[in-house]
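Below is one structure; the comments refer to it alone.
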Amino acid sequence: MMQLYFGREDWIQQAVFALRRSVFVDEQGIAPELEFDQKDQFCHYFLLAEGQVPIATIRYQSLDSQTIQPDRFCVAKNYRKQGIGRQLLAAYEQKAITDGFCWSVLSSEIAAIGFYQKCGYEILSPPFEEDGILCVKMGKNLC
Numbered sequence: 000m001m002q003l004y005f006g007r008e009d010w011i012q013q014a015v016f017a018l019r020r021s022v023f024v025d026e027q028g029i030a031p032e033l034e035f036d037q038k039d040q041f042c043h044y045f046l047l048a049e050g051q052v053p054i055a056t057i058r059y060q061s062l063d064s065q066t067i068q069p070d071r072f073c074v075a076k077n078y079r080k081q082g083i084g085r086q087l088l089a090a091y092e093q094k095a096i097t098d099g100f101c102w103s104v105l106s107s108e109i110a111a112i113g114f115y116q117k118c119g120y121e122i123l124s125p126p127f128e129e130d131g132i133l134c135v136k137m138g139k140n141l142c
């Protein structure tokens, strides 16, 4: 059975970092020094796990008092295309609304634009490179 966790306890961070390493470093070839940054030690995370296996994660961080920035969002390869990402993003947005945020702004890989559009996000920028991957800024009004 899948369980959703939120926090920054060591065990959550270890599971989150293992999943991010698998998806971003091993699968996508992002350098570890770009994937893991100074924000990691201060941020809270959503972690969806099945038993001891990390399935999906998003880093919970804000840009300002009104804007949340979903970041480091990934789903384990064997669990993609099952609606898990959409459910996790919805939980993230619900927490953001509860915490008083009205906007969500994120960087989306070009390949993920369709996913975010289905979740209500709109493209806000032309393509740019981030960590060696072509991305666009996308946003959504949460209020």
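Numbering-wise, the sequence shown is residues 0 to 142 according to numbering that gives the first Met the number 0.
For every residue, glycine included, the Cβ atom is placed at its ideal position computed from N, Cα and C.
>> So, does the segment 55-68 touch the segment 91-103, judging by three or more C-beta pairs under 8 angstroms?
In response: yes
> So which of Phe5, Gln12 and Cys142 has the shortest CA-CA distance to Gln40?
Replying inline: Gln12
>> Which of the three DSSP states is assigned to Leu105 in this structure?
In response: strand
> Considering only residues of the same chain and omitting the five flanking positions on each side of Ile109, which have a CB-CB separation below 6 angstroms?
Replying inline: Leu133
>> Taking 8 angstroms as the limit between beta carbons, can you name the residues of its chain near Leu88, skipping five residues before and five after?
In response: Ile57, Pro69, Phe72 and Cys118
> Thinking C-beta only, is Ala90 closer than 9 angstroms to Leu18?
Replying inline: no
> Roughly how many angstroms lie between the CA atoms of Phe35 and Val15, to the nearest whole one?
Replying inline: 11 angstroms
> Taking Ile96 as the reference, which of Asp9, Gln2, Cys142 and Met1 has the closest Cα?
Replying inline: Cys142
>> Helix, strand or coil for Asp70? Go by DSSP, reduced to three states.
In response: strand
> Quick one: complete beta strand (DSSP E) runs, 3+ long, within the segment 0-63?
Replying inline: 1-6, 43-49 and 52-59
> Per DSSP, Glu129 is paired with what?
Replying inline: Ile132
> Met105: which of Gln93, Ser124 and Phe45 sits nearest, CA to CA?
Replying inline: The question names Met, but residue 105 is Leu in the sequence shown. Measuring from the Cα of Leu105, the nearest candidate turns out to be Ser124.
> If you follow the alpha helix (DSSP H) that Ala89 is part of, which residue opens it and which one closes it?
Replying inline: Ile83 to Thr97
>> According to DSSP, is Gly113 part of a helix, a strand, or is it coil?
In response: helix
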